[in-house]
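Residue numbers (the numbering used here): 182 to 644. Quick reminder that beta carbons are idealized off the backbone N, C-alpha and C, glycines included. To keep things clear, I will list the structure first and then write my remarks on it.
Given below as structure tokens:
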């Protein structure tokens, strides 16, 4: 559980001494200054066990279930669902007897190996929806002032590291903006809205106008109205976060997509030959994906502009190769856990990392830092039958690889004597969406051509 999840206060009653324990809003990452109370899992009067999930929160990085810091009875709820408060704000109080409280206080502090809060799907670095802004501002400014020094520092700077990064990329002076966050802090939503609405140089600014819409037209088009018999549902938190993130990503990068057909017959043969022994020795299911990941890391070293980030007029060539792997969640949602330093992992290591992150993503057990800092992303819609697609490039990166369905196709190939012959081959379409601000078509196509060659001529030894 996060540090400082609860504070203990001993109270004296006529019959006994009880411990009153403050439950606080945890800090779910170094750059996170506030959290939104999504849902209470317990109600006043309920008995809770130590480490039993007590409420769910949403931050600009992840959604999480927060465990109780102690066993006891929930006697007071101080933050309502939908309210946003600073980290370390008291959100509820528990009461338990002194023995239980002492046991909770004397328990060893959680180590790096301790169970972490359960993390649900959220697009990395996504933000609350615009409709929440005013309500969250009022809620946060009226919340308890139990903030840490690091939070106060962030309030004074009026932005998070991510907001400052976006501002630098677009040449924006943050101090000139008025934010909707705590104490006027500029949030990611604020700066995204500013970027979307600011006109070209020299053009007059029309309040609330979109630079993509003619005068007199609403920035997002007319609002649809439900018809008789329609069902209306509010977007879930993850759907709002995904919507915001994808819209901003699409606006930021100059998207171009290139397609290549890859012959995976050789990979299929190698996989089938080693699959049984591999799975018996490692206990891991061997798919095509680890072979593709290994080839991708090799080619990113040769084509570093696809493992880069755009910072204004600068290009940051990342030394680390951190692969984001898109994972679809049920019943709906998307999250992108990250394999850090993927180029340092063997085929077995990539298999373990991929299976582990995907499993924990679906069971809401990811840590906040496991969905951050991807330098290149891979999405695999082919598992649902899609043969090709044009994925959106995540913010802070310059390319994303889409994997289409792997299937057998008739292909014309050269026979042993050079004659043409038709053969059944295992193939898939790969797509590479790249940011044309810094990645030229030739750069992306060379990367894809080298990736194709690497996968089609992969040696059978070394696994």
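Sorting 222, 237, 206 and 221 by C-alpha distance to the C-alpha of residue 215 places 206 at the top. For the 8 Å CB-CB criterion, residue 230 and residue 255 do not form a contact. For the options 604, 405, 418 and 479, the alpha carbon positioned closest to that of residue 528 is the one of 479.
Put simply, the backbone Cα of residue 404 is about 15 Å away from that of residue 415. Non-local beta-carbon contacts of residue 469 in its own chain, meaning distances under 7 Å to residues more than five positions away in sequence, involve 445, 448, 452 and 587 in chain order. Excluding five sequence positions before and after residue 561, the CB atoms of its chain that fall closer than 6 Å to its own CB belong to 584, given in chain order. Taking one beta carbon from each stretch, the region 435 to 442 and the region 623 to 634 have 3 or more pairs nearer than 8 Å; the two touch.
Between the beta-carbon of residue 618 and that of residue 374 there is about 21 Å, and that puts the pair past the 8 Å contact cut.
Beta bridge pairing from DSSP links residue 221 with 236. A distance below 8 Å between beta-carbons, with the five flanking residues on each side excluded, links residue 220 to the following residues of its chain, in chain order: 236, 237 and 262. Relative to the Cα of residue 496, the nearest Cα in the group 459, 556, 506 and 541 belongs to 556.
Residue 580 and residue 574 have their C-alpha atoms roughly 6 Å apart. Residue 558 and residue 517 do touch by the CB rule: their CB atoms are close to 6 Å apart, below 8 Å.
Taking the Cα positions, residue 627 is about 49 Å away from residue 266. 202 is the residue among 202, 502, 625 and 351 whose C-alpha sits nearest the C-alpha of residue 258. Between residue 522 and residue 466, the beta carbon gap of about 23 Å keeps them out of contact (Cβ cut-off 8 Å). With a beta-carbon spacing of about 7 Å, residue 608 and residue 592 fall inside the 8 Å limit used to define contacts. The beta carbons of residue 519 and residue 543 sit no closer together than 8 Å. Secondary structure note for residue 489: its beta strand (DSSP E) is the uninterrupted segment 489 to 492.
Within its own chain, the residues whose Cβ lies closer than 8 Å to the Cβ of residue 354, once the five positions on either side in sequence are excluded, are 348, listed in chain order.
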